[in-house]
Amino acid sequence: MATLRRHTAARWDDLIDGLAAWARDLGLGVLDRARVIVPSPAVGRLAGQALAGRLGILAGIVFVTPEEWRIERERSLGDGESSPWRGRALHLAVWEALQDPALLGEHRALAAHLADGRILEASRRIARVLAVHVEHRLDLVAGWLSDPDPAGLPEHLAWLPELFVRVSELLEWDPVEEFERLRSELPQLEDLPTAMLLCPDLSPTTELLLAAGPADVVDFELDGTARPTSVTWLGSHGPQRQVELVRDELCHLLAAHPELEPRDILLVVDDPAAWWPALTAALAPTSGGATRPHPGRSLRLQRPPAAREPNPVLALVAEATRLAESRVEASTALDLLGRAPLRHRWSLPERPELAELLARAGVRWGLDAQHRAAHGLPGVTQNTLARGLDRLLAGITLAPDSLALPIAGAEGVTSPQLEVIGALTELYSRLRRHSLDSEAATVPTWVQRSLGLITGTMSLPRDEEWLLEEATTRLAALARETTLSPVVVTAAQFARLVDELAARPSARPVVGNGGMTVATPEEVPGAGFKVVALLGLDDPPAAAMPDVPDPAQLPDAREAWFTALLASARGAEHLVVTHQARSSVTGDPLEAPTVLDRLARSLDLAPDVRQGTATPHAAANFRGPRPSFDAQALAAARLQADRAVKAPTACTRRRRSVLALPELPSSPRVTVEEVARFLKDPALAFLRERAGIRPLTPEDPSDDLALTVSGLDAWGVRSRLLAAARAGEPPWDAARAEQRRELLPIGQLGRSGLEADLELIGALWLQARDDWEAPVTDHPVSVEVGGTRLVGQVRLRGDQIVVMTPSQPPGPLFEPWVQILALAASGRYARARIHHLRQDFGRSHTQVTTLEVPPNAAEVLGWLVRGTVLSRSRLVPVPAGPARELVQGLRTGRPAPEAWSRPVDAYDSPWAWRPGHWEHFYDQTADQLWVDPPQPEDPPGDDRFGSFGRWAFALHAPLLEATR
1 MATLRRHTAA RWDDLIDGLA AWARDLGLGV LDRARVIVPS PAVGRLAGQA LAGRLGILAG
61 IVFVTPEEWR IERERSLGDG ESSPWRGRAL HLAVWEALQD PALLGEHRAL AAHLADGRIL
121 EASRRIARVL AVHVEHRLDL VAGWLSDPDP AGLPEHLAWL PELFVRVSEL LEWDPVEEFE
181 RLRSELPQLE DLPTAMLLCP DLSPTTELLL AAGPADVVDF ELDGTARPTS VTWLGSHGPQ
241 RQVELVRDEL CHLLAAHPEL EPRDILLVVD DPAAWWPALT AALAPTSGGA TRPHPGRSLR
301 LQRPPAAREP NPVLALVAEA TRLAESRVEA STALDLLGRA PLRHRWSLPE RPELAELLAR
361 AGVRWGLDAQ HRAAHGLPGV TQNTLARGLD RLLAGITLAP DSLALPIAGA EGVTSPQLEV
421 IGALTELYSR LRRHSLDSEA ATVPTWVQRS LGLITGTMSL PRDEEWLLEE ATTRLAALAR
481 ETTLSPVVVT AAQFARLVDE LAARPSARPV VGNGGMTVAT PEEVPGAGFK VVALLGLDDP
541 PAAAMPDVPD PAQLPDAREA WFTALLASAR GAEHLVVTHQ ARSSVTGDPL EAPTVLDRLA
601 RSLDLAPDVR QGTATPHAAA NFRGPRPSFD AQALAAARLQ ADRAVKAPTA CTRRRRSVLA
661 LPELPSSPRV TVEEVARFLK DPALAFLRER AGIRPLTPED PSDDLALTVS GLDAWGVRSR
721 LLAAARAGEP PWDAARAEQR RELLPIGQLG RSGLEADLEL IGALWLQARD DWEAPVTDHP
781 VSVEVGGTRL VGQVRLRGDQ IVVMTPSQPP GPLFEPWVQI LALAASGRYA RARIHHLRQD
841 FGRSHTQVTT LEVPPNAAEV LGWLVRGTVL SRSRLVPVPA GPARELVQGL RTGRPAPEAW
901 SRPVDAYDSP WAWRPGHWEH FYDQTADQLW VDPPQPEDPP GDDRFGSFGR WAFALHAPLL
961 EATR
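Residue numbers (the UniProt record's numbering): 1 to 964.
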């Protein structure tokens, strides 16, 4: 029998010295080996590096965890098998047992926990309970296996003995018999010299097996007497601010102790994946050549395995497996097509181009009619992905007026897009084939389906091909682990399993690489870092385990967590502790966690918590003996302190800068169309001409089937109906053409809306027909206006300009207004008649608006041309909607100043629903337009409304006066 000899020390370095002495005393030869049992691979790596520094070379010593040691012993004594009472095998056995109706019928409390498809999580959780009992209460397990009578158990746990018996039969492995056999045969097995390092909480069964071995075991443990030489307690706000405070504290420590390096720093967090965004935001090196970055950003920070990005191939497999059970909305399809393995394999374009294609195709949700029927909408093919792809292909291959198919081709699709559309079509067919093959099956069958999906649809660049290899390797391992299990899983359950595979961290630890270490308390307990920062210290949640027969005899996860936390704190020379003392939203004080007081009492310290500020640029951060190192925050604090008034917003500063831009030399020519675009939207003209910025990318297509047609879609329907009327097409032919485009709501909703539009456009055509069919003459324009030549062509019908449009004013008025002014400057006077629609109280009707040539046409045209040329260089602050509201209000004597101070999303605001591109320059209510003073280039006039008012009266007052 082995003897357990304990070797204790106060600190990590002393333990490693003792471990090195033990290794030297062994006198290992070239082929000899020894074993050190460690609590985690991270501790094993740190211990190996420390031993190599003391021994000169580390050869023949292997580091294993207690579980790895047990698996090794089990395989060496058996036929190469290890106990299935752990991991995936135990999980699937529990899952299989829980599918027995007899068991669930007898134990209703157990059945209640499996309702609503919770068997996957419930079986995993129960498997943990069984494994804990096998490790810690084998005596109870032995009694239950011999007699599964639940006597003495509470009613809600009466299922436990019978479940042990069933799982043991399914696994064909009695844990009690196998333990006794292993324990009896271990003394005869030749073993390696073994030591333990920082393993104070071994399970009772592991301790018994170690004691049964043939060789003595040396246990190297901390004695719990060490204390940090300096402790800093910080109370802060949310995670991001806590990391910023710790960053400054680390920089102070590094400045005061030059011997410290980043490798000496341990950042302890409960969840590395959750804390990683805050850590990288504060500690990652800046890109783009930021001036005077924080010195904390020069510290190397390596992503821990738990925070790594999920494997993109496996994540895509899970996503594709869920297709059959999801609605597959247009946004979901765009997300799927944007995944790297698909984009690379099929050379797909960026999301905006794909979104535009799906919008043109009318895709809303559903793969095809069969998929729609499975989701409760049978017989409707319109707006599915399959129908959308058909429309895209028809748009390329068929003429616009072709009737060869029952659907119309998508408009605006060009031949260069054929390759993309072809790739989308083939990819769709393969994904659809995978979604159809989604019947419940065993895990190995699902793995074969997934491997086929990967082969048929995915690839990655050469430097990322290892991710494909990792995905296939993990799937193959999953198939091997489940080969003998008859458990049948659904598509949703298999997708959950694949999600877990995708997020599983790599086995290789990243500690000891020269940078700061980010870890949980259990990963590196007491591993001897000189600086330890406990981030977000808080009370752990209640143990995620159901009630057990004798909780006092089972490990308490919360107690183990605190023990590891305390070991890390004791092992540090410099300890930094942060916790959330105030709400990150309101700043109100929060109750201090009890673990803070317990940690202080365990270290024999009285915590003097220093409260941090809510923001990095608060003036208090730069006063006192330990000022912040954040130079950029200091600049912001100084700027804030130097201003007697509130600092202007970024939007205000941007607007002032573009208003003050100098006028640049530009083309001496301007077109009639350019002047009309300027009058309609000066900001859009400025962004296009000076900054080269086009309108924002259109949003993704809607995921919902349309119930009404509105906005640009309604305008498009009415425009096409009006074009058909002008071309002499019968209205029923125009209606059929609209239905073939499949942009209308389905069924009676679409027919009713189309009939109403046909009636409205018919009335508009009848109203405008006489004017429209007058003789057509085109008149070229080329006239000098204030040193700039205005050019273009104006079409007259009879002796007037005629416009027929389904739009509402004022948009349709701007171009004919510029045209009649240009004709007047050329010596020809003509009026403009605009036949348009108007909406009053939700009902649309036809209307005619007439524009007459004003007596001061030359002056009005001069300011229009001047503003157009000026907008090539700087912003001209005269949005059309508010400008017309201001002029009309002053003309009628009802300026309504209170309306100008209302939010722009209010229906009665003069700038209601402000266009997004104006948000670059204005971020407040409409009266913000009045604050910028007139400039020398502005028209003369009243200064009450600033530069905006002068331009509004110069450009829009004549138009309103000329409107009849």
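From the three backbone atoms N, C-alpha and C, an ideal C-beta is built for every residue, glycine too. Remember, it's a predicted structure, so these values are computed and weren't measured experimentally.
Please determine, among the options, the residue with the shortest C-alpha to C-alpha distance to residue i.
i, options, result
"Glu674", "Val791, Phe562, Thr777 and Leu254", "Val791"
"Ala21", "Arg45, Ile37, Ala52 and Leu46", "Ala52"
"Pro555", "Arg118, Ala9 and Val132", "Val132"
"Gly110", "Pro154, Trp69 and Pro541", "Before going on, a small fix: residue 110 reads as Leu here, not Gly. Checking every option, the nearest Cα to that of Leu110 belongs to Pro154."
"Gly143", "Gly224, Val498 and Val165", "Val165"
"Leu104", "Leu92, Leu157, Arg137 and Arg88", "Leu157"
"Val313", "Asp499, Arg751 and Arg5", "Asp499"
Count the other CB atoms within 10 Å of the CB of residue i; is the residue buried (16 or more) or exposed (fewer)?
i, result
"Gly811", "exposed"
"Leu758", "buried"
"Leu707", "exposed"
"Ala644", "At Ala644, the pLDDT of 47 sits below 50, so the modelled position is not reliable and the matter cannot be decided from this model."
"Gly395", "buried"
"His845", "exposed"
"Leu209", "buried"
Which of the three DSSP states, helix, strand or coil, is assigned to residue i?
i, result
"Ala832", "strand"
"Thr708", "coil"
"Val413", "coil"
"Glu221", "strand"
"Gln847", "strand"
"Arg623", "coil"
"His574", "strand"
"His956", "coil"
"Leu886", "helix"
"Leu28", "coil"
"His7", "strand"
"Thr788", "strand"
"Met545", "Reliability of the predicted coordinates at Met545 is poor, the pLDDT of 41 falling under 50, and no value is obtained from them."
"Ile396", "helix"
"Ile16", "helix"
"Gln302", "coil"
"Val43", "helix"
"Val64", "strand"
"Ala644", "Any reading at Ala644 must be qualified, since the residue scores a pLDDT of 47, below 50, and its modelled position is unreliable; the value itself is stated next. Looking at Ala644 - three-state DSSP - the assignment turns out to be coil, as it is neither helix nor strand."
DSSP has residue i in a bridge; who is on the other side?
i, result
"Glu329", "Trp365"
"Pro780", "Gln793"
"Gly235", "His579 and Gln611"
"Asp840", "Arg843"
"Pro589", "Arg582"
"Thr963", "Leu851"
"Thr442", "Val488"
"Arg35", "Val62 and Thr194"
"Leu460", "DSSP, once it has assigned bridges, lists no residue as partnering Leu460."
Can you find the residues in the same chain that come closer than 6 angstroms, C-beta to C-beta, to residue i, ignoring five residues on each side of it along the sequence?
i, result
"Phe686", "Ser871 and Leu875"
"Gly862", "Val785 and Gly786"
"Ala954", "Trp863 and Pro939"
"Ala423", "Trp346"
"Val783", "Leu790, Ala825 and Ser826"
"Thr802", "The displayed chain sequence assigns Val, not Thr, to residue 802. Asp771, Trp772 and Arg833."
"Ala361", "Gly388, Arg391, Leu392 and Ala410"
Please return the same chain residues whose Cβ sits closer than 8 angstroms to the Cβ of residue i, not counting the five positions on each side in sequence.
i, result
"Gly571", "Arg11, Trp12, Leu222, Ala226, Gly526, Ala527, Gly528, Phe529 and Val532"
"Arg504", "Arg474"
"Ile761", "Arg718, Leu721, Leu722, Ala725 and Pro806"
"Leu283", "Val243, Arg247, Gly296, Arg297, Leu299, Leu301 and Met516"
"Arg582", "Gly235, Ser236, His237, Asp588, Pro589, Leu590, Gln611 and Ala614"
"Trp85", "Leu130, Ala131, Val134, Leu171, Trp173 and Pro175"
"Ala306", "Asp271, Pro272, Ala273, Pro505 and Thr520"
For residue i, I'd like the list of residues in its chain whose CB is within less than 7 angstroms of its CB, leaving aside the five on either flank, ordered along the chain.
i, result
"Thr777", "Leu796"
"Val488", "Ala440, Ala441 and Thr442"
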